[in-house]
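Worksheet: one structure, shown below.
Residue numbers (the working numbering): 596 to 1048.
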């Protein structure tokens, strides 16, 4: 009798274990399935941009930028005739397409042919960078690396990875003049590199231009029809730019979250964000949200009569006026520029952008941004403890001990940085692949400041 009971109990335990394992396997498969478009979408989008915008080699991108987590197991096919990348992992597949002028867009609901029918406007800077002196052009004022200490820093950073991470491009501008410039093998002054979230700071400048022209105001509210019947109507442009919109948001890049879903699963990044419910009273809570900068991009788009004017706007009213002749600002599938993440420019272009803000919005004698705009930009969000301004990071919280308190920053995913230090009249640009804060930016800044002292 005891033996029968023992057998019965054993069978129940075994069945329980089997049921648990089945549930665990099904749950894991369901969760993995939810990650699939993020995994393949990340690979397709970033490889396509790296190959067709940055002119990098597929195997190098896969060995460095895409060599992590599930992404490292993705199989990607580059079609140079159609200018597409198709990425596959298990049962998942994503396709990204490159279009001249637009850069790369990840397909969600439209086909390759549908997107190819949309043409970028015929615009031109009307000048050649090769024939103009810095900063409007690339004719440099004398030789770089006149400081032996800066030359040593450049070599350590780019060639020896002495500060950790991997630097693709490095530039220092002091008193308006480039004093250091270095590139990883296979890259040069013409290589356009990804901004990631530094694009938010460029979006700040586009807003500034519209404010200067009287098109919009930072205190404007009742911004979207979909917000008109609830508390979201009180959200202002200023709230959005200071990351205090109050909209529900999760910015976790290492998991299935609002930001990863927006970038890899949604055709319209702004709509995905502005349909979030209100979690806090606008202007009271600070938390980082890439989605808010895409709402701003959407609002800017609504100010134009047609999309040709919208796509030309960043180039004609900002880039061309500060010597940036071939930037690529990529849109989502709906056509709105991805103000949160997807801008490609050269290291020199990012340095030119920094000069605009170091010079109070004036470039080569021309006022681009409204008077007082830079002061507004570095005014901390009320709930950020001095760490965040208007789509720029701040050092008022003492985050970088080696740098002055007046330093403000453009910070992008995987180690993209522009450090602007008004009191030293200096800007530092670092581009590359340095995930999880692997680069010692504190030590690098300390060495640069000491070299220029």
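Every residue, glycine too, gets a C-beta built ideally from N, C-alpha and C.
> Are residue 938 and residue 949 closer than 8 Å when you measure CB to CB?
Replying inline: The residue labelled residue 938 in the question sits at position 343 within the chain shown. The residue labelled residue 949 in the question sits at position 354 within the chain shown. Contact: no.
> In the DSSP assignment, what residue or residues form a beta bridge with residue 536?
Replying inline: Nothing can be reported for residue 536, as the shown portion of the chain is limited to 596 through 1048.
> Which class does residue 1028 belong to by DSSP, given the choice of helix, strand or coil?
Replying inline: For the purposes of this step, residue 1028 is taken as the residue at position 433 of the chain shown. Residue state, collapsed to three classes: strand.
> Roughly how many angstroms separate the alpha carbons of residue 654 and residue 682, rounded to a whole number?
Replying inline: Mapped onto the chain shown, residue 654 falls at position 59. Mapped onto the chain shown, residue 682 falls at position 87. Answer to the nearest angstrom: the Cα atoms are 14 Å apart.
>> Here's a check: name, in chain order, each residue in its chain whose Cβ is nearer than 6 Å to the Cβ of residue 770, leaving out the five neighbours to either side.
In response: For the purposes of this step, residue 770 is taken as residue 175 along the chain shown, with counting starting at 1. For residue 770, where only same-chain residues beyond five positions count, the Cβ hits under 6 Å are 1020.
>> With DSSP as the reference, identify every bridge partner of residue 778, one or two as the case may be.
In response: The residue given as residue 778 occupies position 183 in the chain shown. Paired residues: 764.
> Would you call residue 734 buried or exposed, if buried means 16 or more other Cβ atoms sit within 10 Å of its Cβ?
Replying inline: Here residue 734 refers to the residue found at position 139 of the chain shown. Answer is exposed; the Cβ neighbour count stays below 16.
> What three-state label does DSSP hand residue 700 in the structure shown?
Replying inline: Taking the first residue of the chain shown as 1, we reach residue 700 at position 105. DSSP places residue 700 in strand when its eight states are reduced to three.
>> Between which residues of its own chain and residue 745 is the CB-CB distance below 8 Å, once the five residues before and five after are set aside?
In response: Looking up residue 745 in the chain shown gives position 150. Excluding sequence neighbours, residue 745 sits near 767, 774, 775, 1043, 1046 and 1047.
>> I need the straight-line Cα distance from residue 1040 to residue 994, nearest angstrom please.
In response: Here residue 1040 refers to the residue found at position 445 when the chain shown is read from its first residue. Here residue 994 refers to the residue found at position 399 when the chain shown is read from its first residue. Cα-Cα distance, rounded: 12 Å.
> Excluding sequence positions up to five away, which residues of its chain have a Cβ less than 7 Å from the Cβ of residue 893?
Replying inline: Translated into positions along the chain shown, residue 893 becomes position 298. Closer than 7 Å at the Cβ level, and outside the excluded window around residue 893, lie 865 and 931.
>> Counting C-beta neighbours from all protein chains within 10 Å, is the total for residue 777 16 or more, i.e. buried, or is it exposed?
In response: Locating residue 777 in the chain shown gives position 182, counting from the first residue. Classification for residue 777: buried.
> For the alpha helix (DSSP H) that residue 821 lies in, which residues bound it at each end?
Replying inline: To locate residue 821, count along the chain shown from 1; it is residue 226. It is not in any alpha helix (DSSP H) - residue 821 carries neither H nor E in the DSSP assignment.
> Which one or two residues does DSSP pair with residue 684 in a beta bridge?
Replying inline: Within the chain shown, the letter at position 89 stands for residue 684. DSSP output for residue 684 lists 687 as bridge partner(s).
>> Taking only three categories from DSSP, how would you classify residue 1021?
In response: As a position in the chain shown, residue 1021 is number 426, starting the count at 1. In this structure, residue 1021 counts as strand in the three-state DSSP scheme.
> Which ranges would you report for the alpha helix (DSSP H) in the stretch 631 to 693 if only whole runs of at least 4 residues count?
Replying inline: 653 to 659
>> Between which two residues does the alpha helix (DSSP H) holding residue 895 run?
In response: By one-based count along the chain shown, residue 895 stands at place 300. Residue 895 -> alpha helix (DSSP H) spans 885 to 896.
> Identify the residues that DSSP records as bridge partners of residue 958: which are they?
Replying inline: Position 363 of the chain shown, counting from 1, holds the residue named residue 958. 961.
>> Which residue marks the beginning of the beta strand (DSSP E) containing residue 938, and which one marks its end?
In response: As a working mapping, residue 938 is identified with position 343 in the chain shown. First-last of the beta strand (DSSP E) with residue 938: 938 to 940.
> If residue 978 and residue 881 are in contact, beta carbons under 8 Å, what's the gap, nearest whole angstrom?
Replying inline: On the chain shown, residue 978 is found 383 positions in, with the first residue counted as 1. On the chain shown, residue 881 is found 286 positions in, with the first residue counted as 1. That belief holds up - the Cβ atoms of residue 978 and residue 881 are roughly 4 Å apart, short of 8 Å.
> In the stretch 778 to 814, which residue ranges form an unbroken alpha helix (DSSP H) of at least 4 residues, counting only runs that do not cross its ends?
Replying inline: 794 to 807
>> Residues in the same chain with beta-carbon distance under 7 Å from residue 962, minus the five sequence neighbours each way, listed in chain order, please.
In response: Within the chain shown, residue 962 is the residue found at index 367, counting from 1. The answer, listed in chain order, is 956.
> Excluding five sequence neighbours on each side, which residues of the same chain lie with their C-beta closer than 7 Å to the C-beta of residue 622?
Replying inline: Here residue 622 corresponds to residue number 27 of the chain shown, with the count starting at 1. Any reading at residue 622 needs caution, since the residue's pLDDT is 48, under 50, leaving its predicted position unreliable; the model's value is listed next. Excluding sequence neighbours, residue 622 sits near nothing in its chain.
>> With the cut-off set at 8 Å, would you say residue 718 and residue 907 are in Cβ contact?
In response: The residue you call residue 718 lines up with position 123 of the chain shown. The residue you call residue 907 lines up with position 312 of the chain shown. Cβ distance < 8 Å, so residue 718 and residue 907 count as in contact.
> So does the stretch 808 to 826 actually touch the stretch 788 to 800, counting three or more Cβ pairs closer than 8 Å?
Replying inline: no
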